[in-house]
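Order-wise, the sequence lines are chains A and B.
Each step along the first sequence adds one to the number in this note's numbering, with nothing skipped, and position 116 is 143.
Each step along the second sequence adds one to the number in this note's numbering, with nothing skipped, and position 28 is 55.
Glycine included, every Cβ here is placed at the ideal spot set by N, Cα and C.
Note that the structure is a prediction, hence the values are computed from the model and not measured.
2 protein chains.
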Amino acid sequence: MNKQEQFQSELNMLLDKMTLLSQDTFKAELPDYKSSEVHTVEFIGKHADSNVTTIANSLYVTKGAVSKMSKRLINKGLIESYRDKDNQKERYFHLTPKGQEVFDIHERLTKQIMQRDESVFKDNADQIKVVLKFLKTYNIYLDKELSETKNK
Amino acid sequence: MNKQEQFQSELNMLLDKMTLLSQDTFKAELPDYKSSEVHTVEFIGKHADSNVTTIANSLYVTKGAVSKMSKRLINKGLIESYRDKDNQKERYFHLTPKGQEVFDIHERLTKQIMQRDESVFKDNADQIKVVLKFLKTYNIYLDKELSETKNK
DNA sequence: CATTTTTTGTTTCCTTGTCAACAAAAATTA
DNA sequence: TAATTTTTGTTGACAAGGAAACAAAAAATG
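Dropping the structure here:
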């Protein structure tokens, strides 16, 4: 297995484990909400007044999915939707107080989960710098790839 | 944003982009098969004679999902299932010649996609060593976390 | 060896996402 | 400005996975 294959492999394993570990925490503290719901609340909380298309593109799901999800979140009282006077086509969203609560709990849990792994980052601070540098380089490279693919 | 947050963020972006880029390739060359189907074929190809539970645990899905998926793959003629004479409870799988074709195409595409990013790894060989070292350390750390969580 | 417990796989119901067709609104074009 | 094109969001049909109940087989227990 060459370096690149190893990278892929280690990355996939890492992500799988992270998902497994965080699932339990969120299920325990936010049992009434699915992870996709919380994820959407998180996005709307961080990007108030975004429309359906923006949310869909950001979360890598279809507009239809966001349309349905938004209805569910409205029914659960987590978000509200509204239209601009000047733009009757697009639909915007923001959190309700109840949605903000869910958002805050999510933030707290995220920090808690990060603290769990804090020591790995503290103990390897010198390596992290290199890791981050590489990840950024790779991301920029893929951005180029993506824009090339788009223009085909 | 601290180093850990940056790491999470860069990682998520990287994975999203990789998924986007490979989706198109696979859709173009294996249009008759969903990515989950190809993924299962890949696993069975690499781990012949595994049973439903093993596949489920490895792919992080439920046994029910594997049970249904295996039927679909059998109907499409990609895999065959059989039982051992000594064990009538478990069901094992292996690829058919047609399944092997799909497997080979998947392998070819995977290599092709990796070649696309080859230069990033060649040009930063020194960084990669550090990156891999860190990923391995982190993986081992999470293994410990997971075994602790299990025992609760 | 008989009984109980665990493991294994299947099925049904439910949720949630995609896809594609669609209507309404906005933007572009001529 | 009128006609056309594009963008935006919704809907219904369908696909696919999760949870839980279940039966059959194997393993553990006494």
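Chain B places no beta carbon closer than 8 Å to that of L122(A), leaving this residue out of the contacts.
Going by beta carbons, V129(B) and V68(B) fall inside the 8 Å limit.
For D59(B), the closest Cβ of chain A is not nearer than 8 Å. Separation of H121(A) and R118(B) (C-alpha to C-alpha, rounded to the nearest whole angstrom) is 50 Å.
Cβ contact annotation for G72(B) (same chain, cutoff 6 Å, sequence separation greater than five): L122 and F130, in chain order. It is roughly 30 Å from the alpha-carbon of K163(A) to the alpha-carbon of S85(B). Counting every other CB atom within 10 Å of its CB across the protein chains shown gives S77(B) a total of 16 or more, marking it as buried.
Taken in chain order, the whole beta strand (DSSP E) runs of length 3 or more contained in the stretch 97–169 of chain A are 106–109 and 119–122.
In this structure, Y168(B) places its C-beta atom within 8 Å of the C-beta atom of D144(A).
Closer than 8 Å at the C-beta level to chain A, one finds these residues of the stretch 113–144 of chain B: M141, R143 and D144.
A direct Cα-to-Cα measurement between V93(A) and Q115(B) gives close to 46 Å. Residues of chain A whose Cβ lies closer than 7 Å to the Cβ of F148(B) are, in chain order, K30 and Q31. Ranked by Cα distance from L136(A), the options L42(A), L48(A) and N39(A) are led by L48(A).
Listed in chain order, the non-local C-beta contacts of T80(B) below 7 Å within the same chain comprise K90, local neighbours out to five positions each way being set aside. Under the 8 Å criterion on CB atoms, L105(B) is classed as non-interfacial with respect to chain A. By a beta-carbon distance limit of 8 Å, Q31(A) contacts F148(B). Their separation comes to about 5 Å. Residue environment analysis places M96(A) among the buried positions, since at least 16 neighbouring C-beta atoms fall within 10 angstroms of its C-beta.
Boundaries of the alpha helix (DSSP H) harbouring L41(A): K30 to E56, taken from the DSSP string. Taking all protein chains shown into account, Y165(A) has 16 or more neighbouring C-beta atoms within 10 Å of its C-beta and is therefore buried.
Rounded to whole angstroms, the separation of the alpha carbons of L105(A) and S146(B) is 46 Å.
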